[in-house]
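One structure is given here, and the rest of the page talks about it.
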Amino acid sequence: MVPRDSGRAVPDSQRLKDLLRRIDGRSYPAYRDLKGRWELGGLTLLIDHVQGDPFAAPSKVRVRRSVDLPERMCVDPVARRAAEDWLLRRFGAGLKSERRGSGKSGQLCVYQPGPEVIERSAVRISADGTVEVRFEVGLPARGRRVLGEQAWALISEDIPRAAEGLSAGPGLPAHVQSVVDQCALREGLVDAGLVAFLAEGAILPRTSGVSQAPMEGAVPLEVPDSLRVTLQTPSGPVSGLGIPQGITLIVGGGFHGKSTLLHAVQRGHMDHIPGDGRALVVSRADTAKVRAEDGRRVCGVDISNFLGALPGGKTTAPFDTDDASGSTSQAAGIMEAIEAGSRLLLLDEDTSASNLLVQDARMRALIPREAEPITPLVERIEQLHQDWGVSVILVVGGVGDYLSVADTVIAMEAYVPRDVGAEAAALAGPAPEPPAPLSAPLKRVPRREGLEPGKVRARDERRVDYNRNEIDLSAVEQVLDGAHAATLGHALAVLHDHVVDDERDLPEILDRLDHLLDADGVDVLSSRPYPDGRLLRPRRLEVAAALNRLRTLRLSRR
Ligand code: ADP
Ligand code: MG
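Here it is, written out as structure tokens:
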């Protein structure tokens, strides 16, 4: 019972201080009494979950405060997402953990974003300008005993100090404007007949294979005149390299920057922070990288456009396996990406099954047609574009067969792109004989059975445990980190609980999930009774990729 003093309520800060004094020295679970909401002079502290002991995962808390933000940043989805991202970075930078006892005592941590500006659950702005941050604290202990005074210092000093960062500051308008501009560029792609756009001067390479920081001293992107386009943004026109719809090859010698260009395009469906070097590099929102991934499971995917009947009479329409080969995995990846809605596929020869890309004349002479089940992509790629509107950007260093089917050919020479379309056309032989018409993707209806979530947890950056099954996302290059991987697991759980009904097919299921996320935000994916600060808004393509890799996925046979 809250003690009353001549009718006036005791302020929460006093009650909290008293509580901590009272439980000081008691065994750690006494901290459970902290759960709930505390008004601490302009700052609301919500303690959602108290850790079981000082060495367990830290306690889950939120702080809320009212921030004087421009109205647009509270109501416009794009501006709000950008402002949330900016506040998260600022809050994170201001977070200083003090050592306040044993184990994780005094630790403060919030989700650390990469350079992408994505809708995340760590910071939320409400329409009335209230900002809420979700983070973790290690409640102080000596051994397994409550350190009440240290806990009070953490709550009354460390947290308010970090929360000071939750205010509009000088960098905020430029951050928001940059994201608004990137969205405008991306939205302008279709009207300009493009699938990707890379602004002149962009810095594409990263510091290393394990860092997303821009490389220092890199050669800024140059733009050949014939591929130069100018797109409009609210901040004015931007000039850069436009990659048109259709089939684009990126060619050139080894180590000249081909894969680096493709990697930048591959991240272009996301916005980036100013200073990243790729803040004006955009690609279609439905861009998908597709690579070979032997060993993966494939469930009921029609891959007959690329592979006819396999040895032993095994059918490929649909194709099922628990252990795909390089070519079957990549063929399935292409069909799955198209099924989930992608109209821009990215392939890099470095990570492709070479027999799926081409078969050269001598090999064709050696292996009779009847014994070779593969129809290589080079024979299908024009149909993909003409019949289904799917564009492809392909990095090829060594296979010239694609020259005869390419609409655009970009050569990378010492990191400088050059338009070699005319030279390529002169060298190109006749286009390959068109094979039989494409067969449309099979309708796939996932079943609830096999999708029971159980416990969902990221095992590492690229693998999720889903009800004791591991979903391996290591070949899904768009997955950013462990939080992203875990989010995909949570998304499958939501599909099981609210969407999959043994009737809807996969695109319908993905539509439903998008509607849920549009209506209620990324918090719908929390698997806890309180908000989870480590979620990000998943794209349908990655959700489909996770579902397609779940080894217990079953389809309705209708
Ligand atoms: P390729 O695919 O043509 O073999 P990569 O794209 O892998 O080449 O690039 C080779 C190396 O060159 C990588 O270490 C990459 O970081 C570096 N690199 C790429 N683009 C640039 C650039 N614009 N300036 C400086 N270094 C670059
Ligand atoms: Mg390469």
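Take the sequence shown: its letters are residues 469 to 1026, numbered as in the numbering used here.
Glycine included, C-beta positions come from ideal geometry on N, C-alpha and C.
Can you list, in chain order, the stretches of the beta strand (DSSP E) that have 3 or more residues and sit fully within the region 792-837? For the beta strand (DSSP E) assignment, the uninterrupted runs of no fewer than 3 residues enclosed by the region 792-837 are, from N- to C-terminal side, 812-816.
Reducing DSSP to helix, strand and coil, say where Phe-559 ends up. Locating residue 559 in the sequence shown gives position 91, where the first residue counts as 1. Phe-559 falls in the helix class under three-state DSSP.
Check whether the Cβ of Gly-725 sits closer than 7 Å to any heavy atom of the ligand ADP, and report yes or no. Counted from its first residue, the sequence shown places residue 725 at position 257. Within the cutoff, so yes.
Closest Cα partner of Arg-759 within the set Gly-745, Val-863, Thr-512, Gly-918: Stepping through the sequence shown from its first residue, residue 759 is reached at position 291. The option with the nearest alpha carbon to Arg-759 is Val-863.
So, is Ser-679 buried or exposed, given that buried needs 16 or more other C-beta atoms within 10 angstroms? Locating residue 679 in the sequence shown gives position 211, counting from the first residue. Exposed, since its Cβ has fewer than 16 Cβ neighbours within 10 Å.
Assuming Arg-930 and Ala-953 are in contact, meaning their beta carbons sit under 8 Å apart, how far apart are those beta carbons, in whole angstroms? Indexing the sequence shown from 1 puts residue 930 at position 462. Indexing the sequence shown from 1 puts residue 953 at position 485. Confirmed, Cβ separation roughly 6 Å.
Hey, could you find the ends of the beta strand (DSSP E) Val-605 is sitting in? For the purposes of this step, residue 605 is identified with residue 137 of the sequence shown, where counting begins at 1. 598-605 is the extent of the beta strand (DSSP E) around Val-605.
May I have the straight-line CA-CA distance separating Asp-486 from Gly-918, to the nearest angstrom? Within the sequence shown, residue 486 is the residue found at index 18, counting from 1. Within the sequence shown, residue 918 is the residue found at index 450, counting from 1. Using only the alpha carbons, I get a separation of about 50 Å.
For Asp-887, tell me which candidate among Thr-876, Gly-897, Leu-895 has the shortest Cα-Cα distance. As a working note, residue 887 is residue 419 in the sequence shown. Closest by alpha carbon: Thr-876.
May I ask you to check if the CB of Val-605 is nearer than 7 Å to at least one heavy atom of the ligand ADP? Here residue 605 is taken as the residue at index 137 of the sequence shown, counted from 1. No.
Residues in the same chain with beta-carbon distance under 8 Å from Met-469, minus the five sequence neighbours each way, listed in chain order, please. Here the question's residue 469 lines up with position 1 in the sequence shown. Because the pLDDT of Met-469 is 45, which lies under 50, any placement of that residue in the model is unreliable, and the number read from its coordinates should be weighed accordingly. So the list is empty, once near-sequence residues are dropped.
Taking only three categories from DSSP, how would you classify Leu-488? For this step, residue 488 is matched to residue 20 along the sequence shown. Three-state DSSP puts Leu-488 in a helix.
Environment of His-966 [buried if 16+ CB atoms lie within 10 Å]: For the purposes of this step, residue 966 is identified with residue 498 of the sequence shown, where counting begins at 1. That one is exposed.
Write down every uninterrupted run of the beta strand (DSSP E) in the region 499-533 whose length is 3 residues or greater and which is fully enclosed by it, in chain order. 504-507, 512-517
Nearest by alpha-carbon distance to Arg-500: which of Leu-484, Pro-702, Asp-828 is it? The residue labelled residue 500 in the question sits at position 32 within the sequence shown. Among Leu-484, Pro-702, Asp-828, the Cα nearest to that of Arg-500 belongs to Leu-484.
Could you check if Val-863 belongs to the surroundings of the ligand COA, using beta carbon to heavy atom distance under 7 Å? For the ligand COA, the structure offers nothing, since it holds only the ligand ADP and the ligand MG.
How would you write the range of the alpha helix (DSSP H) that Met-1059 sits in, first residue to last? Beyond the ends of the chain as shown, which are 469 and 1026, falls residue 1059; an answer cannot be given.
Any heavy atom of the ligand ADP closer than 7 Å to the Cβ of Gly-745? The count along the sequence shown starts at 1 and reaches residue 745 at position 277. No, the ligand ADP has no heavy atom inside 7 Å of this Cβ.
Alpha-carbon to alpha-carbon, Gly-574 and Pro-471: By 1-based counting over the sequence shown, the position of residue 471 is 3. By 1-based counting over the sequence shown, the position of residue 574 is 106. With a pLDDT of 49 at Pro-471, under the threshold of 50, the modelled position of that residue is not reliable, and the figure given next carries that caveat. Cα to Cα, the separation comes out at about 29 Å.
Could you name the residues of the same chain whose beta carbon sits closer than 6 Å to that of Thr-698, not counting the 5 residues immediately before and after it, in chain order? For the purposes of this step, residue 698 is identified with residue 230 of the sequence shown, where counting begins at 1. Correct list, in chain order: Pro-705, Ser-707.
Sorted by chain position, which residues of the same chain lie with C-beta nearer than 7 Å to Arg-1025's C-beta, five sequence neighbours on each side aside? Against the sequence shown, residue 1025 aligns to sequence position 557. Beyond the five residues adjoining it in sequence on each side, Arg-1025 comes within less than 7 Å, by CB distance, of no other residue in the same chain.
Measure the CB-CB distance between Leu-622 and Val-647 and report whether it falls below 8 Å. Sequence index remark: in the sequence shown, residue 622 carries index 154 (1-based). Sequence index remark: in the sequence shown, residue 647 carries index 179 (1-based). Contact annotation: Leu-622 and Val-647 have beta-carbon atoms that are not nearer than 8 Å.
Assign Lys-757 to one of two classes, buried (16 or more other C-beta atoms within 10 Å of its C-beta) or exposed (fewer than that). As a first step, residue 757 must be located in the sequence shown, where it is residue number 289. With 16 or more neighbouring CB atoms inside 10 Å of its own CB, Lys-757 falls in the buried class.
Bounding residues of the alpha helix (DSSP H) (the contiguous stretch that carries Glu-976): Indexing the sequence shown from 1 puts residue 976 at position 508. Counting along the chain, the alpha helix (DSSP H) containing Glu-976 begins and ends at 974-988.
Can you name, in chain order, every residue of its own chain whose Cβ lies under 7 Å from the Cβ of Leu-993, other than the five neighbours on each side? What you label residue 993 is simply residue 525 of the sequence shown in a count that begins at 1. Excluding positions up to five away in sequence, the list reads Thr-955, His-958, Ala-959, Val-962, Leu-1003.
Does the ligand ADP have even one heavy atom less than 7 Å from the beta-carbon of Leu-672? Along the sequence shown, one-based indexing puts residue 672 at 204. Within the cutoff, so yes.
When you measure from the CB of Ser-525 to every non-hydrogen atom of the ligand ADP, does any distance come out below 7 Å? For the purposes of this step, residue 525 is identified with residue 57 of the sequence shown, where counting begins at 1. A small fix is needed here, since residue 525 is Ala in this sequence, not Ser. No, the beta carbon of Ala-525 sits no closer than 7 Å to any heavy atom of the ligand ADP.
Start and end residues, beta strand (DSSP E) containing Ala-664: Position 196 of the sequence shown holds residue 664. From DSSP, the beta strand (DSSP E) with Ala-664 extends over 662-667.
Within 10 Å of its beta-carbon, does Ala-753 have 16 or more other beta-carbons around it, so buried, or fewer, so exposed? Within the sequence shown, numbered from 1, the residue matching residue 753 stands at position 285. Ala-753 is buried by the Cβ-count criterion.
Spatial neighbours of Arg-548 in its chain, beta-carbon cut-off 6 Å, leaving aside the 5 residues before and after: Numbered from its first residue, the sequence shown carries residue 548 at position 80. The residues are Met-541, Ile-593.
Looking at the ligand ADP, does it come within less than 7 Å of Thr-728, judged from the CB to the closest heavy atom? In the sequence shown, residue 728 corresponds to position 260, counting from 1. Checking the Cβ of Thr-728 against the ligand ADP gives yes.
Contact set for Asp-1000: own chain, Cβ-Cβ below 7 Å, skip 5 residues either direction: Numbered from 1 along the sequence shown, position 532 holds the residue referred to as residue 1000. Setting aside the 5 residues that flank it on each side, Asp-1000 is surrounded in the same chain by Ser-589, Ser-994, each with a C-beta closer than 7 Å to its C-beta; the list follows chain order.
Under 7 Å from any heavy atom of the ligand ADP, does the C-beta of Ala-664 make it? Working through the sequence shown from its first residue, we reach residue 664 at position 196. Ala-664: no, Cβ never under 7 Å from the ligand ADP.
Sorted by chain position, which residues of the same chain lie with C-beta nearer than 6 Å to Leu-765's C-beta, five sequence neighbours on each side aside? One-based indexing of the sequence shown puts residue 765 at position 297. As written in the sequence, residue 765 is Arg, which differs from the Leu given in the question. Counting only Cβ-Cβ distances below 6 Å, and skipping sequence neighbours, we find Asp-790, Arg-1019.
With DSSP collapsed to three states, give me the class of Gly-704. The count along the sequence shown starts at 1 and reaches residue 704 at position 236. Per DSSP, reduced to three states, the secondary structure at Gly-704 is strand.
Which residue comes first and which comes last in the alpha helix (DSSP H) that contains Glu-1010? As a position in the sequence shown, residue 1010 is number 542, starting the count at 1. Under the DSSP assignment, Glu-1010 falls in the alpha helix (DSSP H) whose first and last residues are 1008-1017.
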